[in-house]
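**Student:** Quick one: the structure is below, and I'll ask about it shortly.
In the working numbering, the protein residues as written are 14 to 97.
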């Protein structure tokens, strides 16, 4: 195996690893979406990051309403566990 071929593989591996880390940080840190409150008359719109939103959906505290918007299913404290 040639030394330059080995160096090229190491450089490509490092660049791909760095790209993966950058995309992961971007996905976790910067993706967010708006969530509407349970009451339709409340004008407060909350913003949640993607990991927080995934947790809330998994415990049943966020659903999609008829218009396609995300809406909370509770007021006050969120549920602690999945309803199933």
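From the three backbone atoms N, C-alpha and C, an ideal C-beta is built for every residue, glycine too.
Would you mind giving the Cβ-Cβ distance between residue 86 and residue 52, rounded to the nearest angstrom? I have them listed as a contact below 8 Å.
**Tutor:** Here residue 86 corresponds to residue number 73 of the chain shown, with the count starting at 1. Here residue 52 corresponds to residue number 39 of the chain shown, with the count starting at 1. By a beta-carbon distance limit of 8 Å, residue 86 does not contact residue 52. Their separation comes to about 12 Å.
**Student:** Between 46, 64, 68, 65, which lies nearest to residue 7 when the distance is taken from Cα to Cα?
**Tutor:** Outside the modelled stretch of the chain, which goes from 14 to 97, sits residue 7, for which no answer is possible.
**Student:** For the alpha helix (DSSP H) containing residue 67, list its first residue and its last residue.
**Tutor:** Looking up residue 67 in the chain shown gives position 54. Its alpha helix (DSSP H) spans residues 63 to 71.
**Student:** Can you name, in chain order, every residue of its own chain whose Cβ lies under 8 Å from the Cβ of residue 116, other than the five neighbours on each side?
**Tutor:** Examination of residue 116 is not possible in this model, given that the chain is present from 14 through 97 alone.
**Student:** Measure the alpha-carbon distance for residue 39 versus residue 19 and round it to whole angstroms.
**Tutor:** As a working mapping, residue 39 is identified with position 26 in the chain shown. As a working mapping, residue 19 is identified with position 6 in the chain shown. So the alpha carbons of these two residues sit roughly 30 Å apart.
**Student:** If we count the other Cβ atoms within 10 Å of its Cβ and call it buried at 16 or more, is residue 79 buried or exposed?
**Tutor:** In the chain shown, the residue the question calls residue 79 occupies position 66. It is exposed - the Cβ of residue 79 has fewer than 16 other Cβ atoms within 10 Å.
**Student:** Which residue or residues does DSSP assign as beta-bridge partners of residue 31?
**Tutor:** Reading the chain shown from its first residue, position 18 is the one you call residue 31. According to DSSP, which records beta bridges pairwise, residue 31 is partnered with nothing at all.
**Student:** Which of the three DSSP states, helix, strand or coil, is assigned to residue 17?
**Tutor:** Translated into positions along the chain shown, residue 17 becomes position 4. Here residue 17 sits in helix by DSSP.
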